[in-house]
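Below is one structure; the comments refer to it alone.
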Amino acid sequence: MKQSRLVKEYAFIIIGTLLVAFGVNWFLAPNGLVTGGISGIGIILQNVSGAFLGFSIPLWMTTIVLNIPLFLISIKQRGFAFAKKSAVAVLSLSVALAIVEHIPNPFWVGDDLLVCCLFGGALSGLGIGFVLRSSASTGGTDMLASIIRFNHPKFPIAKLMLGIDGLIILTGLFVFGADKAMYAIVAVFVSTRIVNNVLAGLHYAKAVFIMSEKNDAIAKGIMEQIVRGVTGLSARGMYTKHTKEMLFVVVSQKQISDLRNLIQEIDPKAFVTIADVREVLGQGFIEDYNSIM
């Protein structure tokens, strides 16, 4: 089981780095959309080197060269085990960038910056999410932030990453102009949202809390008609100081309408709270934890 999980994780790392490579090479780099990270530095160097050196430094070379010192420092600080998967991810990303730059983009939309920032951000976010979900990283600013925080524990890693990426995007502003920098920020927003969704899980459900004088009838209806388990929780009204039973049930999104109708039929005066749930593990939902990495 452990070996199967490891194979799956490395497979997701390879798929994730391929998606990042497509997002960067097909949509971001050709339009000068600097979204931070090593790829952002690579896009800047690719443009500047072409103008001043007469040849363009490829993105894959920037990725691997800039990550080497970061990995050496990281290994010295935390040991090789910490950086092993991330090393595979960086090598995989460098290879993917080298391959993808020779693959024509069948979805080329010219200089439509809005489409490019949306699709580039979405592909990059999805790819980074797969890599992070496999307990690895593509190196770059998150590793640099970890190195700084190792020596200065008081600095929040999220703010360090924001500051580093902000400087890279600011540099992109001077190289490519304010309009492309603003579209790049949109791409960062899209990428971040998708990364968060991938890490939090896409197996959405609804958690429902029910306060009613007819709990037994409602619970029976849920178990028999909705076919979901119900839990009775002890709750105390702070105004009345009375202890009551509150029902708790988790249902799929398509079942929420049936549940509302059931409660309404049994007790129209019931107090119902419905909350979004990102991921549900257990009987009736995701029973194989390995299926979600």
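Numbered per the UniProt record's numbering, the sequence shown spans residues 1 to 293. By construction, the Cβ of each residue, glycine as well, lies at the ideal position given by its N, Cα and C atoms. Fair warning: this is a prediction, and the values are worked out from it, not measured in the lab.
What does the Cβ neighbour count give for residue i, buried or exposed, with the cut at 16 atoms within 10 Å?
{"i": "residue 301", "result": "Any property of residue 301 remains undetermined from this structure, which presents the chain solely from 1 to 293."}
{"i": "Q255", "result": "buried"}
{"i": "G50", "result": "exposed"}
{"i": "I64", "result": "buried"}
{"i": "L53", "result": "exposed"}
{"i": "G110", "result": "exposed"}
{"i": "T35", "result": "buried"}
{"i": "T138", "result": "buried"}
{"i": "F176", "result": "buried"}
{"i": "T273", "result": "exposed"}
{"i": "L233", "result": "exposed"}
{"i": "G237", "result": "exposed"}
{"i": "N25", "result": "buried"}
{"i": "Y239", "result": "exposed"}
{"i": "N67", "result": "buried"}
{"i": "L259", "result": "buried"}
{"i": "S4", "result": "exposed"}
{"i": "V7", "result": "exposed"}
Whole angstroms are fine: how far does the CA of residue j sit from the CA of residue i?
{"i": "M211", "j": "S135", "result": "41 Å"}
{"i": "V48", "j": "I185", "result": "21 Å"}
{"i": "D165", "j": "L144", "result": "11 Å"}
{"i": "F155", "j": "I148", "result": "8 Å"}
{"i": "K159", "j": "E213", "result": "49 Å"}
{"i": "D216", "j": "A275", "result": "22 Å"}
{"i": "L28", "j": "I41", "result": "12 Å"}
{"i": "A89", "j": "I194", "result": "19 Å"}
{"i": "F150", "j": "Q77", "result": "8 Å"}
{"i": "I99", "j": "S252", "result": "41 Å"}
{"i": "V95", "j": "M61", "result": "9 Å"}
{"i": "K180", "j": "G23", "result": "16 Å"}
{"i": "L162", "j": "T192", "result": "12 Å"}
{"i": "L132", "j": "E9", "result": "10 Å"}
{"i": "Q225", "j": "N197", "result": "31 Å"}
{"i": "S146", "j": "V250", "result": "38 Å"}
{"i": "Q174", "j": "L113", "result": "The question names Gln, but residue 174 in the sequence shown is Phe. Each residue's alpha carbon lies about 17 Å from the other."}
Taking 9 Å as the CB-CB limit, is residue i close to chain D?
{"i": "G166", "result": "Checking the listed chains, one finds no chain D in this structure; it contains a single protein chain."}
Report, in whole angstroms, the separation of the C-beta atoms of residue i and residue j, which I expect to be a contact under 8 Å.
{"i": "G140", "j": "V190", "result": "In fact, because the Cβ distance is near 18 Å, the residues do not count as touching under 8 Å."}
{"i": "L199", "j": "G129", "result": "6 Å"}
{"i": "A21", "j": "L93", "result": "7 Å"}
{"i": "S86", "j": "L59", "result": "That pair is no contact at about 18 Å."}
{"i": "A207", "j": "V277", "result": "5 Å"}
Determine which residues share a DSSP beta bridge with residue i and list them.
{"i": "F209", "result": "F248, T273"}
{"i": "G232", "result": "L247"}
### Message
Between the stretch 168 to 182 and the stretch 13 to 21, can you find at least three pairs of beta-carbon atoms closer than 8 Å?
### Response
The stretch 13 to 21 is not in contact with the stretch 168 to 182.
### Query
If we count Cβ pairs, one from each stretch, closer than 8 Å, do we get three or more for the stretch 101 to 119 versus the stretch 71 to 84?
In short, these stretches do not touch, since the Cβ pair count stays below three.
### Query
Is the stretch 112 to 123 touching the stretch 64 to 77 in the sense that three or more CB pairs, one from each, lie closer than 8 Å?
Taking a contact to require three or more Cβ pairs closer than 8 Å, the stretch 64 to 77 and the stretch 112 to 123 do not qualify as touching.
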